[in-house]
Amino acid sequence: MPILIPIALIGWIPVCLVLFAFLPRRQAVLVGVVGAWLFLPPGGVSLAGLPDYTKTSAFGYGIMLATLIFTPDRIARLRPGWVDLPMACFIGGVFASSVRNGLGVYDGLSSVNMNLTLWGIPYLIGRLHFENARDIRAAAIAVVVGGLVYVPICLPESVLGAFVASKIYGLNLYSDVRLGGYRPRGFFYRGLELGFWMSGSSLLGLWLARCRAVPWLAGLPFTTLLLPILVISTLLCRSSGALALLAMGLAVLWLSTRLKTRLIMLLWISLGILYPTVRVVDAWEYEGLIAFLSENFDDDRSRSLAFRLANEDLLMEKALLRPVFGWGGWGRARVYDVGGRDLTVTDGYWVIVMGSNGVVGLLSLTLAFVGPAFAFVARYPPRRWTEPDIGAMAAVSTLLGMYLMDCLMNAFPNALYMALAGALASATMDRARIPSGAWGIGGDEGVATPDEAGDDPTASTPEGRLAGRYVELAQASRLAGDYASAAEARRHAYDLLAVMAERGPEPPAARRRRLDCGNDLAWLLATRPDPEPGDLEEGAELARAAAEAEPGDPAYWNTLALALCRLGDDEAALAAARRSMELDAAWNGYDMAVLALALARTGRREEAARWLAEASSWRDERRSREPSLNALIAEAAALVAP
3 MPILIPIALI
13 GWIPVCLVLF
23 AFLPRRQAVL
33 VGVVGAWLFL
43 PPGGVSLAGL
53 PDYTKTSAFG
63 YGIMLATLIF
73 TPDRIARLRP
83 GWVDLPMACF
93 IGGVFASSVR
103 NGLGVYDGLS
113 SVNMNLTLWG
123 IPYLIGRLHF
133 ENARDIRAAA
143 IAVVVGGLVY
153 VPICLPESVL
163 GAFVASKIYG
173 LNLYSDVRLG
183 GYRPRGFFYR
193 GLELGFWMSG
203 SSLLGLWLAR
213 CRAVPWLAGL
223 PFTTLLLPIL
233 VISTLLCRSS
243 GALALLAMGL
253 AVLWLSTRLK
263 TRLIMLLWIS
273 LGILYPTVRV
283 VDAWEYEGLI
293 AFLSENFDDD
303 RSRSLAFRLA
313 NEDLLMEKAL
323 LRPVFGWGGW
333 GRARVYDVGG
343 RDLTVTDGYW
353 VIVMGSNGVV
363 GLLSLTLAFV
373 GPAFAFVARY
383 PPRRWTEPDI
393 GAMAAVSTLL
403 GMYLMDCLMN
413 AFPNALYMAL
423 AGALASATMD
433 RARIPSGAWG
443 IGGDEGVATP
453 DEAGDDPTAS
463 TPEGRLAGRY
473 VELAQASRLA
483 GDYASAAEAR
493 RHAYDLLAVM
503 AERGPEPPAA
513 RRRRLDCGND
523 LAWLLATRPD
533 PEPGDLEEGA
543 ELARAAAEAE
553 PGDPAYWNTL
563 ALALCRLGDD
573 EAALAAARRS
583 MELDAAWNGY
593 DMAVLALALA
603 RTGRREEAAR
613 WLAEASSWRD
623 ERRSREPSLN
633 ALIAEAAALV
643 AP
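Residue numbers for the sequence shown follow our numbering, beginning at 3 and rising by one.
Okay, structure coming up:
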């Protein structure tokens with residue numbers, strides 16, 4: 003083994019410690035996970051009596067050690083929930099597989115250790131370090147950045163063949179030839195695995211662009227420059243199966259939001275369960291499909307598919323002899339002839355898990371991946387899947403279903419996707435989480451704040467009271483200057499109100515309360531002095547939703563004008579500000595300041611100067627000291643000045 007392989011793998015643990023020491027926690031985790039998966043060698047170090055030490059071990063052990071040293075409070079804050087049951091069942095099931103097959107307790111513990119390293123620790127990392135929809139968006143952006151970082155690897159390897167890992171780690175890798183060229187490989191085990199990674203990155207990138215969640219990356223326009231480069235590089239990976247999954251995933255997202263139905267996404271994330279079920283009960287005669295593909299498409303590909311399915315038949319036949327917990331490890335689930343020669347090839351990961359760990363193992367591992375996606379679909383309506391943060395959750399849910407689809411035909415365990423599943427599990431549980439001691443009250447004492455509740459009959463429900471408490475927390479945090487906590491509390495309140503709206507007919511007062519909460523969050527995001535990436539896009543989306551829902555309310559148009567102006571969409575900001583002033587004869591200083599700034603940016607300096615004078619007069623008459631208004635006026639004045 004080349005000496006650089008163990009050096010790189012073992013050295014990743016101190017790298018993780020350094021990341022936690024110098025970077026914000028969430029960023030350190032993302033760099034530690036994505037960086038390990040993309041650049042550590044596609045091999046492992048054999049350890050006696052222990053699982054092989056691989057890139058999964060490197061980032062798993064490194065990040066968990068860094069968590070214990072730098073952020074032990076993350077472990078104390080973890081609250082297990084029902085969404086964690088599949089992972090717990092899977093880990094317990096692999097122990098039962100060893101014991102039921104007479105392999106002993108030691109073998110069972112060894113199997114638990116191996117699967118904890120491969121799946122359990124990555125899932126736990128996602129649960130510990132990601133809490134909400136904004137964290138999911140950050141994780142999705144990290145995957146997209148990972149795809150972009152691989153562009154300089156994919157492009158030359160698509161012409162010259164796989165050489166990067168050979169040059170750096172001294173590995174002897176062969177090059178896949180497909181569709182008239184080479185498949186890039188980078189630091190992945192196979193070109194197919196890299197092809198899926200790039201397709202997943204493109205899926206997230208395309209949907210984040212649709213949600214206007216990533217306008218710029220590293221100072222470069224994302225949608226018009228970086229995203230096309232990513233998609234072209236994905237095509238050059240020449241992985242037809244991964245590209246087909248990419249197209250289907252995009253279709254699922256687009257149709258779900260277009261038709262406003264959950265059914266399409268539910269079917270998509272259920273396919274990882276439905277296909278094994280159909281195969282196990284022998285409810286599908288696949289010979290017709292093979293004949294169709296042979297007659298109308300590539301005959302070689304149809305024969306390859308027939309070979310895969312025939313091997314699945316043999317493996318399933320043996321797996322069903324011990325269907326509950328499987329055959330355990332050591333290749334006992336494979337099919338051998340009387341001379342001990344292996345007769346099967348295991349292409350699909352699902353049939354490997356089915357043979358080794360039975361129905362319990364397969365179902366629990368599958369639900370560990372898509373259980374959080376089911377929870378997401380249940381809690382967020384499709385009409386919200388184009389919002390910047392919620393859209394990222396929708397894209398990650400689609401990607402998890404896409405990965406399970408890939409596992410039906412291929413066997414490339416990727417712990418990064420399990421970390422995403424853990425992160426999504428935390429985010430879907432987030433709305434039900436009440437911060438301990440946040441308000442110093444408990445039980446049923448809390449009530450919705452008067453300015454939010456009005457005559458809302460839902461304000462006395464548990465969710466309504468909790469939303470009111472979040473609003474109180476947001477107001478207190480805003481007064482204390484903690485804009486990040488204020489925005490997060492407002493998001494919790496808005497999500498709770500949105501969930502109640504989905505349950506049935508929404509009373510007018512409840513609808514007004516929900517729209518006001520979204521509008522207040524939009525205003526907060528547009529006026530905070532230290533906006534985080536995506537805040538301005540999210541604020542504009544929320545304000546637009548409120549204005550579209552109540553087009554006669556000038557307050558909503560006023561917020562939309564400010565949000566669009568801060569975002570840099572000057573023409574739309576002008577239209578919104580003018581609409582607000584049409585609806586409210588007592589013109590608002592913010593609308594006039596937005597007009598002044600947007601007109602100045604678009605070169606209409608004389609008209610901008612008139613509105614600048616009006617905005618300044620309005621501010622001075624009321625002795626307003628609002629920093630956001632002063633900032634708008636100051637920026638407009640700088641542009642108007644000769």
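Virtual Cβ for every residue (Gly too), placed ideally from N, Cα, C. Remember, predicted model here, so these are calculated numbers, not experimental data.
Reference P374; option with closest CA among K320, V473 and S272: Position 372 of the sequence shown, counted from the first residue, corresponds to residue 374. Comparing Cα-Cα distances from P374 to each of K320, V473 and S272, the minimum goes to S272.
Given a cut-off of 9 Å on the beta-carbon distance, is the pair A565 and L527 in contact? Within the sequence shown, the letter at position 563 stands for residue 565. Within the sequence shown, the letter at position 525 stands for residue 527. At a Cβ-Cβ threshold of 9 Å, A565 and L527 count as neighbours.
Beta bridge counterpart(s) of W218 as assigned by DSSP: Taking the sequence shown and counting its residues from 1, one reaches residue 218 at position 216. Residue pairing by DSSP puts W218 in a beta bridge opposite P223.
Hey, could you find the ends of the beta strand (DSSP E) P53 is sitting in? Position 51 of the sequence shown, counted from the start, is the residue given in the question as residue 53. Note, P53: beta strand (DSSP E), L52 to Y55.
Cα separation between V355 and L252? If you number the sequence shown from 1, residue 355 lands on position 353. If you number the sequence shown from 1, residue 252 lands on position 250. Approximately 28 Å between the Cα atoms of the pair.
Residues that DSSP places opposite D344 in a beta bridge: Numbered from 1 along the sequence shown, position 342 holds the residue referred to as residue 344. Within the DSSP bridge table, the entry for D344 names Y338 as partners.
Using only alpha-carbon positions, find the residue among A78, A141, G37 and P390 that is nearest to G62. On the sequence shown, residue 62 is found 60 positions in, with the first residue counted as 1. G62 has its Cα closest to that of G37, out of A78, A141, G37 and P390.
Short check: CB of A611 to CB of A598, under 9 Å? For the purposes of this step, residue 611 is taken as residue 609 along the sequence shown, with counting starting at 1. For the purposes of this step, residue 598 is taken as residue 596 along the sequence shown, with counting starting at 1. It is a contact, given that the beta carbons lie within the stated cut-off.
For the stretch 362–428, list the alpha helix (DSSP H) runs that are entirely contained and at least 4 residues long, ordered along the chain. Counting only runs of 4 or more, we get 390–411.
Consult DSSP for R192 and reduce its assignment to one of helix, strand or coil. Working through the sequence shown from its first residue, we reach residue 192 at position 190. In the three-state scheme derived from DSSP, where H, G and I count as helix and E and B as strand, R192 is classed as coil.
At what residues does the alpha helix (DSSP H) containing S487 begin and finish? The residue given as residue 487 occupies position 485 in the sequence shown. Where S487 is concerned, the enclosing alpha helix (DSSP H) starts and stops at Y485 to E504.
CA nearest to the CA of R386, picked from G360, D497 and A321: Walking along the sequence shown from the start, residue 386 turns up at place 384. With distances taken between Cα atoms, R386 lies closest to D497.
Count the other C-beta atoms from every protein chain shown that fall within 10 angstroms of the C-beta of D75, then say buried if there are 16 or more, exposed otherwise. Mapped onto the sequence shown, residue 75 falls at position 73. Per the 10 Å Cβ criterion, exposed.
Would the beta-carbon of L410 fall within 9 Å of that of G274? As a position in the sequence shown, residue 410 is number 408, starting the count at 1. As a position in the sequence shown, residue 274 is number 272, starting the count at 1. Cβ distance < 9 Å, so L410 and G274 count as in contact.
Please classify G110 as buried or exposed, where buried requires at least 16 neighbouring CB atoms within 10 angstroms. On the sequence shown, position 108 is the one that residue 110 refers to. With 16 or more neighbouring CB atoms inside 10 Å of its own CB, G110 falls in the buried class.
With distances taken from CA atoms, which of D302, D572, G520 and R530 is nearest A547? Reading the sequence shown from its first residue, position 545 is the one you call residue 547. Measuring from the Cα of A547, the nearest candidate turns out to be G520.
Name the two residues that bound the continuous alpha helix (DSSP H) containing V114. Numbered from 1 along the sequence shown, position 112 holds the residue referred to as residue 114. V114 -> alpha helix (DSSP H) spans G106 to N117.
Give the secondary structure of A450 by DSSP, where H, G and I count as helix, E and B as strand, and everything else as coil. Walking along the sequence shown from the start, residue 450 turns up at place 448. At A450 the pLDDT is 38, less than 50, meaning the model places this residue with poor confidence; the figure from the coordinates comes in the next sentence. In the structure shown, A450 adopts coil according to DSSP, grouped into three states.
Where do the ends of the beta strand (DSSP E) carrying L42 lie? As a working mapping, residue 42 is identified with position 40 in the sequence shown. Run containing L42: none; DSSP gives neither H nor E here.
Rank T69, V31 and E609 by C-alpha distance to the C-alpha of I138 and give the top, closest one. By 1-based counting over the sequence shown, the position of residue 138 is 136. Checked all of T69, V31 and E609; the closest Cα to I138 is V31.
Excluding the 5 residues flanking I170 on each side, which residues of the same chain have their C-beta closer than 6 Å to its C-beta? Counting from one through the sequence shown, the residue named residue 170 turns up at place 168. Correct list: empty, nothing qualifies.
Tell me the residue span of the alpha helix (DSSP H) that contains F327. Taking the first residue of the sequence shown as 1, we reach residue 327 at position 325. Premise fails: F327 is in no alpha helix (DSSP H) and is neither H nor E.
For S358 and Y351, the rounded distance between their alpha carbons: Residue numbering aside, residue 351 sits at position 349 when the sequence shown is read from its first letter. Residue numbering aside, residue 358 sits at position 356 when the sequence shown is read from its first letter. If you take the alpha carbons of Y351 and S358, they lie about 11 Å apart.
Does DSSP classify V179 as helix, strand or coil? Here residue 179 corresponds to residue number 177 of the sequence shown, with the count starting at 1. The DSSP-derived three-state label of V179 is strand.
Taking just the CA atoms, how far does S100 sit from G363? Working through the sequence shown from its first residue, we reach residue 363 at position 361. Working through the sequence shown from its first residue, we reach residue 100 at position 98. If I take the Cα positions, the gap works out to 12 Å.
By the DSSP assignment, the alpha helix (DSSP H) with E543 in it spans what residues? Your numbering for residue 543 matches position 541 in the sequence shown. Counting along the chain, the unbroken alpha helix (DSSP H) around E543 starts and ends at D537 to A551.
Would you please verify whether the beta carbon of A308 is less than 9 Å from any beta carbon of chain B? Looking for chain B here will not work: only one protein chain is present.
Contacts around L21, its chain only, beta-carbon distance under 6 Å, and the 5 residues preceding and following it disregarded: If you number the sequence shown from 1, residue 21 lands on position 19. The residues are A30, V33 and G34.
If you draw a straight line from the alpha carbon of L614 to that of A140, how long is it in whole angstroms? As a first step, residue 614 must be located in the sequence shown, where it is residue number 612. As a first step, residue 140 must be located in the sequence shown, where it is residue number 138. If you take the alpha carbons of L614 and A140, they lie about 38 Å apart.
Going by DSSP, name the residue or residues bridged to L49. Counting from one through the sequence shown, the residue named residue 49 turns up at place 47. The partner list for L49 (beta bridge, DSSP) reads L52.
Buried or exposed for A299, please, with buried defined as at least 16 other CB atoms from any protein chain shown within 10 angstroms of its CB. Within the sequence shown, the letter at position 297 stands for residue 299. As written in the sequence, residue 299 is Phe, which differs from the Ala given in the question. Looking at its Cβ environment, which holds fewer than 16 other Cβ atoms inside 10 Å, F299 is exposed.
Are the beta-carbon atoms of W209 and A394 separated by less than 9 Å? For this step, residue 209 is matched to residue 207 along the sequence shown. For this step, residue 394 is matched to residue 392 along the sequence shown. For W209 and A394, yes; Cβs fall inside 9 Å.
For A417, which option in A244, F371, L206 and F165 has the closest C-alpha, if you only look at C-alpha atoms? In the sequence shown, residue 417 corresponds to position 415, counting from 1. Looking at the Cα atoms, F371 is the closest of the given residues.
Here's a check: name, in chain order, each residue in its chain whose Cβ is nearer than 8 Å to the Cβ of G183, leaving out the five neighbours to either side. One-based indexing of the sequence shown puts residue 183 at position 181. Excluding residues within five positions, the ones whose Cβ falls inside 8 Å are S160, V161, L238 and R240.
Classify Y351 as helix, strand or coil using the three-state DSSP reduction. As a working mapping, residue 351 is identified with position 349 in the sequence shown. Y351 carries a helical assignment under DSSP once its states are collapsed to helix, strand and coil.
Pick from S462, G466, A429 and L367 that is closest to M420, judged by C-alpha positions: Translated into positions along the sequence shown, residue 420 becomes position 418. The residue among S462, G466, A429 and L367 with its C-alpha nearest the C-alpha of M420 is L367.
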